[in-house]
Each structure stands twice: as structure tokens, then as C-alpha cells.
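Engineer: Going by the numbering used here, the first residue of the sequence shown is number 247, and it counts up by one from there. Cβ atoms here follow ideal geometry from the backbone N, Cα and C, with glycine treated the same way. Here the structure is a predicted model, which means the values were calculated and not measured.
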Amino acid sequence: MRQDSEPDDFAIRTLTRLFLTIAVLLATPGEFVMAQDHQLVRVVSPFSVTDAGLSLRYPFLGGFDGPRPEFVDIDADGDLDLFVQEHVGSVMFFRNDGSGRSADFVFVTDDYQRLDVGQWFTFADVDGDQDLDLLAEQPFGRIRVYRNDGGASQPAFSPSSDTLKTETGDVIVTEPPTLPVVVDVDCNGRLDLMIGRQSGTISRYEWIGTDGNGDPVFTFVEDRYQGIEVVGGIGKRGGSALHGASAMSFSDLDGDNDPDLLWGDFFEPNLILFRNEGTCGTPALVRESDAAMRSGADAVNTSGFNAPRVTDIDADGALDLFVGVQGGAFVTSSSSVENFYRFEEVNGAFDLVTRRYLTVIDVGSEAAPVIADLTGDGNPDIAVGNIISPFDPTHASLALIKKTPTGLDVLGTDVISFQGFSATPAAADLDCDLDIDLFIGGFDGTIRSYINNGSGGADAWVLEESDFAGIDVGSNSAPSWADIDSDGDADLFVGEGAGNVNYFKNIGSRCAPVLSFEQEQFAGIDAGQRSRPAFADYDADGDVDLFVGSDSGTVRFYRNVGSPQAHQFVEGEPILVPVTGIVSPALGDLDGDGDLDVIVGVASGGLLYYRNDRVVTAREALPRTAGNVPTVRTIYPNPAGERVVAEVELPAAGGVGIEVVDMLGRVVLRKSYQSLPAGSVRLPLIGLELASGVYVLRIVGATGQASATFAIRR
């Protein structure tokens, strides 16, 4: 089913390409018409991605560090839709295209109706017009109401004229990061606004109507609801009376028609259950358990500050408990991957169903990817670093994601235990042994080199140098290799905490590099803070272009308008990603369509995928003849010297195009063959002036392409 945020409509894409291609063909003959900087389309599920045999439903959603879920029927179609807040100021929307008994959540948007929700949001009908409005946090703890002026089935939210106040004009404020709720706690037909305080108490306000502008008005009721005071907890440090933060959920958990309370606290690894031993009209809440989340007989503990939401998601009569782990007084990295829990009511208790309700690629926090043929099969794989391992808080780690014939497979999330923090990888074959080595920057500003021992699995890379080339850029080193001067060897570029891109020229050779520091601010680029460069020949014009991530949540793009020997970078359109915090780009052809796509690692530990739909100009285009989808039978000799022959199977007579791409993503040879016969043909590639290393040969037909890896050894 189509996702609203992913314009996969084939007809629209085809017409767009046709119109732009016609514009190119109408240009002056021989004139190079440059396409726009990029035409990237974000896709959450572009192809199959599996992790330990589990198919990921939303692989490129971007990961979660502290999801805050809310289930409501926002479109009045009889089933519950899902809203999740992960980032300050915006909320994700997943429409339920299933039913009340079998939910099917389809991702729609990262930024529902572009509502500024601050650090929290909740839905409730606070103006009495029988549809759901939205309350959200504003600066300084104030509360903004977004009134639903569209109705129950077609919601359209607009901000109230002022932040929430009492009938006497007193401003109602929260104490971030506590998460308030709106519920009728005493069953009198008027909603109550329940605000947890840092003292461990609950303030209660009751709805009394609307003002002349139609905005809701609440009256103050009490500051110590039910005498509740949650102070301390097993994670408490020091003698302060402040408990840090709370998240509440009121629901009838035991079926006696009155609301009980689940309380998530900064200093509690589980949920506190307050049972209502009174009535709905006269509640009497008693603290019954500090371990409401169970897995059989065992308590399910997290890093703390658990945000609960109770509903019956499958309409089976048994309540479901969903918990978003915000991370509290315990080791927060331990919940950087497993943080969206579902429990189901079993014999009056909540029993664990899953720790990852929405399945995504997630390596922890601050994902930093690189794309290269890491497993030696000729396909682009992904290595992803993080700031700290989800399994061991003493160091960072790297995940390995392998390209398969049908998509991607996450082989492991702790392939390399990087002895440091903030692991940011780069990939290159600097020893000319025909496999890819990894160079990993860290928080301390140095780079560690890991040599590929050729096994192609989780034990492939072995630490060689903990202080590679003596490089130290101060903090948060982020390396990237590129042959910037087209002399046949790779030069090194290193991002840093201060936002510069440091340039180290290779004055040695391809197989025996010697790095010489050239400049601290390459091409005058200042990314702000924590620069993360990625080089690739993005526009296929024979020289490398540059993408730079930073902590600004924006990927900046610099097109190389010079030449392979003399670069000249001009800043173009940035990639505006729908997240906050550090972003880290990488480029590679992950969908096999012949152009470079962009993935972006984000602060929540996941990846965003941007499919490259850039129109190829006439000058850039490879010949494609209808009916030809070739197969590469063999390449010989392999390893080769100056002469390489590709034996190709053609299903029909016609023409094909050939590209040879090096491990830095550069197209080093482009040829075309016309009027070839059907069947097995041999295509000689004569006079290859290539350095030793691994290369990818692409054979491109009209409706598809084939590729194979070969090596040059001199």
C-alpha cells in the first residue's frame, strides 16, 4: 500500500522524467545542460530489510531513542491510529489502514500538520465540540491548545489565541520533561488536566468551559492529587527531594469501572501501579506495585522514565500496554535500540510481547554510516557506527548491513567494538589486497585503522593502528577518503567537532600512502559543529562532489564544478532532514538503478534513505536498448592487468552501456556497444590505466542492469 510520504506513483515519476528529458533534448546541440543539484525522494521502506530473520516494517524511519506514543482514532473510521513523538517540535503520524481487530500502521509523515508540539503532546476534546483537539508544550512550560476546526473525520488544527490559563487568568505551566495527561479522573463528565511535578506530586486542573475566543478554560483544583508523592526510587542519587520527571496513564486496569494509575518515573526502571480502591466518583489510589511490566514472573526493567499508554489495540477484550522508554537514571544507552515496548494483559498482569513495536534499523544513538563493498561480493554494503554501544557502555560499536539480492540484511550491531566513543567510519583499500579496510574516527579526535583479514563476516576487521598517521583533529574526528586530485591514490578528509573539514594529501602512492596535512578548512567549508564529510561523484561528471553533515540537522551539498585534477566546490541545495541533532551522510547505489542514493545517519540511531530520482542528461546517459537485460557470465583474467574481457549474456540483439566504478565511487571508464547479437558476447576493455584495486563493472540495458566485481593487480 502506498505511503503518503513516499510518492511512488509510477505514472507521475515517469511523466516528470519525460518532461525534464525533453527539456534537455531541446537544448542547443553539444551544450551541457546541468540537472538540478539533486532530486531525492525520501522512502521509508524502499526494499526488503531483515534483521536476525525479522523483516523490518519501517527500516529507514530513522530509529528511536525516546518514543512517546499516543493511540487515538483521528479520522473517525473506527480504528486507532498511532502518533509517536521522537523529536522536539514535531510528531509522527501512522494511519491505521487495518481494522480495530488487526492494526496495520502505515507511515504518513514525520511532522503531522506541522504542529509545534514542543517536548510533549496529548489529544483530548477540550472545547466540547465532539472532536479531538491537541495540547502541546510551549516554551517555559506553557501549554498551547490546537483546536480541531475540521471535525472528527477530517481534522484540521489551528492554535488557540493564547496559552492555557485558569478562569482567573493564571498561566498553567508544566515542569519539563514531565509528561501531562488529560482524563476525567472523577467521572463527572469534565476533563481533568493532570500535571506531574518534580516534587513527585500531581497538580490537577478541571475543565469548566470555553472563553469568548472558543479556547478552553481550566480551574485549579489541587496540588497534591490523592496525596501521591513519588520520591526517591531505586535509581535515586543524593538527598534531593526532586524526582526528576514523570509520565502518567490513567485507565481502568482491573475492570471495576474506575481509573487506575500507571506512573513512569525518572528514577524507576519499571512502572508504578496505583490501584483505585475507591470508586470512579470518589477515587482512592493506593500504591500497589513498583513492577507493573512483567515477562512471566520476572520484572521488565529499562533505563528509566517509562511513558505508558493503555489501550485495546486488537479489540480482544484484553488491555495492551505500550511503553516508550525515555531514558532516566540508569544506563540510557541500554535502551537506545529496545525502547518501544508492548505488553498484553494476561491474568490481570501485563506480560511482555515485544521490546521493538515498530521495527526499524537502529544501531543505538548518533548513527554514522559508510557505504562500500565490505563483504567482497561486488555489492554495496553499509557499516554504521554509533556514539556508544547499546550492549556495553564502555565503548562505541559498528553494525554491518549486507546487500542481498532482494535488499539488505543486518548481520550484527556489534561487529567492531571500537575502543572509544562516537565511532565514525570511512572505507578504502589502502594496502591493495583487494578488500576494504575501515578507518574509524572517534570522540578523541584520532583515527583507528582496522585491516580486513578477508573473512567477510563479523570478525573481518582487526585493529592495526590506534593512532592512524598520527592524526588528531581535536574531537569528533569523521574521516572520508577521496582522490581529490585524480592522481590515482586516495586523499583523506577529516571532519571535526569545530565544523572544519581537514585535508590530508596523499603524497605517497595508492598502495603505500603517505599523508601530508594541507589545510584545516578545505574549500573554505565551515559546517558549524561536528562536520561529517562524504565524497562521491554524485553527478557522474568524472569528479567527486561533497556532502557534509553536522549537528544542525542539515546535510549541505557542494558540487564540484572544476575538474578531476583541479577541484572547485560550489554550495548547492542542502538536504533538509526531518530530525534534530547530528546527521551523517553516505552515498551508494543501494537500489541498483545505476545512480547514487543518499542515506543519512541520525541522532536517534537510525538511517534515512533518499532515492536518487535525478534526471540523467543526454550527455550523462548510457545507451539503453529495449529488451536488453544482460547477465555477466564471467570476467577474465581476474585479477587483471591492462586487458579485461567481460563475457556477457544478452537476451536480445541491441546495444548496452558499460561503466567501471572504483571503490571511491568514481566512474573511471564509460563505453557503449551498439548492434550486438543476442546470446553470449565478449566485450573487451582494452588499455585500462587503472591502479591496483577492486572495481565494479556495470552492464546497463534498457530495463535493468547487471554488475560484477573484478580486480586490477600490477
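Looking only at its chain, what residues have a beta carbon closer than 7 Å to the beta carbon of residue 334, apart from the 5 residues adjacent to it on each side?
Structural biologist: So the list reads 364, 365 and 826, once near-sequence residues are dropped.
Engineer: Is residue 540 closer than 8 Å to residue 620 when the C-beta atoms are compared?
Structural biologist: Contact: no.
Engineer: May I have the straight-line CA-CA distance separating residue 690 from residue 405, to the nearest angstrom?
Structural biologist: Rounded to the nearest angstrom, the two C-alpha atoms are 45 Å apart.
Engineer: Can you tell me whether DSSP reads residue 471 as helix, strand or coil?
Structural biologist: Residue 471 falls in the helix class under three-state DSSP.
Engineer: Run through the DSSP bridge pairs and tell me what residue 643 is partnered with.
Structural biologist: Answer by DSSP bridge pairing, in chain order: 663.
Engineer: Quick one: residues in its chain with C-beta nearer than 6 Å to the C-beta of residue 499, no 5 flanking neighbours on either side, listed in chain order?
Structural biologist: Excluding positions up to five away in sequence, the list reads 506.
Engineer: For residue 331, count the other beta carbons within 10 Å of its own beta carbon; 16 or more makes it buried, fewer makes it exposed. Which is it?
Structural biologist: The residue is buried, with at least 16 neighbouring Cβ atoms inside 10 Å.
Engineer: Following the continuous beta strand (DSSP E) through residue 751, name the residue where it begins and the one where it ends.
Structural biologist: Residues 747 to 752.
Engineer: According to DSSP, simplified to helix, strand and coil, what is residue 626?
Structural biologist: In this structure, residue 626 counts as coil in the three-state DSSP scheme.
Engineer: Can you round the beta-carbon distance between residue 616 and residue 587 to whole angstroms, since I take them to be within the 8 Å contact cut?
Structural biologist: Contact doesn't hold; Cβ gap of about 32 Å is too wide.
Engineer: Is the closest heavy atom of the ligand MN to the C-beta of residue 646 under 7 Å?
Structural biologist: Questions concerning the ligand MN fall outside what the structure shown contains, since it holds no ligand whatsoever.
Engineer: At what residue ranges does the segment 322 to 382 contain a whole run of the beta strand (DSSP E), taking only runs of 3 or more?
Structural biologist: Here the runs fully enclosed are 327 to 331, 338 to 342, 351 to 355 and 367 to 370.
Engineer: Straight-line CA distance for residue 778 to residue 844?
Structural biologist: C-alpha separation (whole angstroms): 14 Å.
Engineer: Check whether the Cβ atoms of residue 693 and residue 723 lie closer than 8 Å to each other.
Structural biologist: A contact, by the Cβ cut-off of 8 Å.
Engineer: Assuming residue 327 and residue 320 form a contact by the criterion Cβ under 8 Å, report the distance between their Cβ atoms to the nearest whole angstrom.
Structural biologist: Rounded, the Cβ-Cβ distance is 5 Å, consistent with contact.
Engineer: Tell me the rounded alpha-carbon separation between residue 442 and residue 465.
Structural biologist: Cα-Cα distance, rounded: 17 Å.
Engineer: Hey, could you find the ends of the beta strand (DSSP E) residue 557 is sitting in?
Structural biologist: Run containing residue 557: 552 to 557, per the beta strand (DSSP E) assignment.
Engineer: With a 10 Å radius around its C-beta and 16 neighbouring C-beta atoms as the bar for buried, classify residue 233 as buried or exposed.
Structural biologist: Past the edges of the chain, shown from 247 to 960, lies residue 233, and the structure says nothing about it.
Engineer: Taking just the CA atoms, how far does residue 316 sit from residue 545?
Structural biologist: Each residue's alpha carbon lies about 24 Å from the other.
Engineer: Say whether the segment 702 to 721 touches the segment 798 to 813, bearing in mind that this needs 3 or more beta-carbon pairs closer than 8 Å, one atom from each stretch.
Structural biologist: As far as the Cβ criterion goes, the segment 702 to 721 does not touch the segment 798 to 813, which means the pair count is below three.
Engineer: Mapping the DSSP letters down to three states, classify residue 576 as helix, strand or coil.
Structural biologist: In this structure, residue 576 counts as coil in the three-state DSSP scheme.
Engineer: If you follow the beta strand (DSSP E) that residue 615 is part of, which residue opens it and which one closes it?
Structural biologist: 614 to 618 is the span of the beta strand (DSSP E), which, as asked, contains residue 615.
Engineer: For residue 676, which option in 647, 308, 435 and 726 has the closest C-alpha, if you only look at C-alpha atoms?
Structural biologist: Checking every option, the nearest Cα to that of residue 676 belongs to 726.
Engineer: Quick one: Cα of residue 940 to Cα of residue 696, how far?
Structural biologist: C-alpha separation (whole angstroms): 18 Å.
Engineer: Rounded to the nearest angstrom, what separates residue 945 and residue 908 at their Cα positions?
Structural biologist: Straight-line Cα distance between these residues: approximately 15 Å.
Engineer: Between which two residues does the beta strand (DSSP E) harbouring residue 315 extend?
Structural biologist: Segment 314 to 318, the beta strand (DSSP E) holding residue 315.
Engineer: Residues in its own chain within less than 8 Å of residue 923 by CB, not counting five upstream and five downstream?
Structural biologist: Result list for residue 923: 896 and 899, in chain order.
Engineer: Sort 542, 803 and 787 by Cα distance to residue 793 and report the nearest one.
Structural biologist: Ranking the options by Cα distance to residue 793, first place goes to 803.
Engineer: Under 6 Å Cβ to Cβ from residue 265, same chain only, skipping five residues before and after it: list those, please.
Structural biologist: Note that residue 265 scores 41 on pLDDT, short of 50, meaning its location in the model is unreliable; the coordinates nonetheless yield the value given after this. Answer for residue 265: no residue qualifies.
Engineer: Just to confirm, is the Cβ distance from residue 609 to residue 630 under 8 Å?
Structural biologist: Taking 8 Å as the Cβ cut-off, residue 609 and residue 630 qualify as a contacting pair.
Engineer: Under a three-way DSSP split, which group does residue 270 fall into?
Structural biologist: For residue 270, the pLDDT reaches just 34, beneath the cut-off of 50, and the residue's location in the model is therefore unreliable, although a value from the coordinates is still provided. If DSSP states are grouped into helix, strand and coil, residue 270 belongs with the helices.
Engineer: Are the segment 549 to 569 and the segment 335 to 350 touching by the rule of at least three beta carbon pairs closer than 8 Å?
Structural biologist: At 8 Å Cβ cutoff, the stretches touch.
Engineer: Hey, is the segment 517 to 534 in contact with the segment 421 to 441, meaning 3+ C-beta pairs nearer than 8 Å?
Structural biologist: Yes, since at least three Cβ pairs between the segment 517 to 534 and the segment 421 to 441 fall closer than 8 Å, the two stretches touch.
Engineer: When the distance is taken between beta carbons, is residue 424 closer than 8 Å to residue 492?
Structural biologist: Result yes, Cβ atoms of residue 492 and residue 424 sit closer than 8 Å.
Engineer: When the Cα atoms are used, what is the spatial distance from residue 685 to residue 768?
Structural biologist: Cα to Cα, the separation comes out at about 20 Å.
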